[in-house]
Amino acid sequence: MNDFILYLNKSIEAANKKEQELIATECKDEANLQKIRANIYGICLTVVQVVAKEKCGKELWEEYVGRLDNIAKNWVKSYEKAKLHNDVEKILIEETKFQVLNEVKEKIQNL
Amino acid sequence: MLEADAIKLFKCLADKSRLQILKSLVKEEMYVERLAERLDLTPATISFHLKKLEDAGAVTSRKEQYYTMYSIRKEVFMTNILDIIKEESDEADEQKQREEAYRKKVISAFFEYGKLKSIPAQRKKERICLEEIAKVFEVGKTYDETEVNEKIEAFFEDYCTIRRDMISEGIMKREGTKYTRKQ
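Chains as they are written, first to last, in numbering that gives the first Met the number 0: chain A, 0 to 110; chain B, 0 to 182.
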């Protein structure tokens, strides 16, 4: 559990650092995507801390993944809507969110 | 080039990745995946930047079999910056541009993919949204209430409120059960 929290904190830190680097090189839009990444890691961190108060062991991770998938339901709707209307900005934002979520879920499997 | 267009273009160009895209396109026209490979960015990121460049008038696209080819609009970059600076705009034009920009801002905040998200609380903003919806009605043509409701419902489910507000704002006129859009 501690390793997982450490991983999330490090990921937030790395995304924030990358955001600053991108701002410094005049890549403002890509910097915003890093900000989104940091926010999603932040959400994952908050959720795991809440779930850890209620469950432990295998149950904790099952509940955690369930809650993450529940959060992502709205992103799926938003992504599908964006694709339907070819809203490239929204598509990119939603894809970034999914990317982070999949990364986090993969990390859980490897724990 | 209008002042508003120039600002949009300059804002769009103030980004390293977009400049890199233009540097590639100035040599030859390209499709998204090729640009992504060349600039080491994801195709989704490239599409996002190309959309911004296209909206600012810096690039243009055309379909070619399975791909969309993008090319730079050289004529835009041939414009003399000094000419843009020297261009005079009168107060009325500027006011019109400000109003148009405000309208666009309100519409993009309250509409999503052509649907009204919610009725604005501010009267000025609501009027802009009502005028936008009213564009589906032809000026001078008479509609019965069912037609009006159906057309409004395509934008917002509470068509009664929208219909009534259009009347009270003087955007539509009601005579019995017949409705017409005012000029």
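The beta-carbon is built from N, C-alpha and C at its ideal position, and this holds for glycine as well.
| query | result |
| --- | --- |
| Where do the ends of the beta strand (DSSP E) carrying Met68/B lie? | Tyr66 to Ile71 |
| Show which residues of chain B have a CB atom less than 8 Å away from the CB atom of Lys82/A. | None at all; the shortest Cβ gap to chain B is about 11 Å. |
| The ligand GTP and Lys95/B: does any heavy atom of the ligand fall closer than 7 Å to the residue's C-beta? | The ligand content of the structure shown is nil, which means the ligand GTP is not present either. |
| Distance, Cα to Cα, Cys128/B vs Glu27/B? | 42 Å |
| Classify His48/B as buried or exposed, calling it buried when 16 or more other Cβ atoms lie within 10 Å of its own Cβ. | buried |
| Can you tell me the Cβ-Cβ gap for Ile42/A and Ala30/A, rounded? I've got them flagged as a contact below 8 Å. | In fact, because the Cβ distance is near 19 Å, the residues do not count as touching under 8 Å. |
| If I'm right that Gly56/B touches Asp92/B with Cβ under 8 Å, what's the distance once you round it to whole angstroms? | Incorrect: roughly 19 Å between the Cβ atoms, too far for contact. |
| Would you identify the three-state DSSP class for Phe97/A, choosing helix, strand or coil? | helix |
| Taking only the alpha-carbon atoms, compute the straight-line gap between Glu36/B and Thr145/B and give it to the nearest angstrom. | 54 Å |
| Quick check on the burial criterion: 16 or more other C-beta atoms within 10 angstroms. Buried or exposed for Tyr63/A? | buried |
| From what residue to what residue does the alpha helix (DSSP H) around Tyr6/A run? | Asn1 to Ala23 |
| What does the Cβ neighbour count give for Asp14/B, buried or exposed, with the cut at 16 atoms within 10 Å? | buried |
| Considering only DSSP beta bridges, list what Leu115/B is partnered with. | Phe110/B |
| Just confirm the distance between the C-beta atoms of Glu130/B and Ile170/B, as a whole number of angstroms; I'd bet it's less than 8 Å. | 6 Å |
| With 8 Å set as the bound, which would you pick, yes or no: does the beta-carbon of Glu29/A sit closer than that to a beta-carbon of chain B? | yes |
| Does the stretch 70 to 86 of chain A come close enough to the stretch 88 to 102 of chain B that 3 or more CB-CB pairs lie under 8 Å? | no |
| Ends of the beta strand (DSSP E) at Glu63/B? | Val58 to Glu63 |
| In chain order, what residues of the stretch 27 to 56 of chain A put their CB closer than 8 Å to some CB of chain B? | Lys27, Asp28, Glu29 and Leu32 |
| Can you list the residues of chain B that Glu94/A reaches, using a CB-CB cut of under 9 Å? | Thr41 and Ala43 |
| List the residues of chain A whose Cβ lies closer than 9 Å to the Cβ of Tyr112/B, in chain order. | Lys80, Ala81, Leu83, His84 and Asp86 |
| Could you check whether the Cβ of Ile4/A sits closer than 8 Å to any Cβ belonging to chain B? | no |
| In three-state terms, what does DSSP make of Lys134/B? | coil |
| Provide the residue(s) that pair with Lys50/B in DSSP beta bridges, ordered along the chain. | Its beta-bridge partners do not exist; DSSP assigns none. |
| Taking 8 Å as the threshold (beta carbon to beta carbon), is Ala13/B in contact with chain D? | Going by chain labels, chain D is absent from the structure shown, which instead holds the protein chains A and B. |
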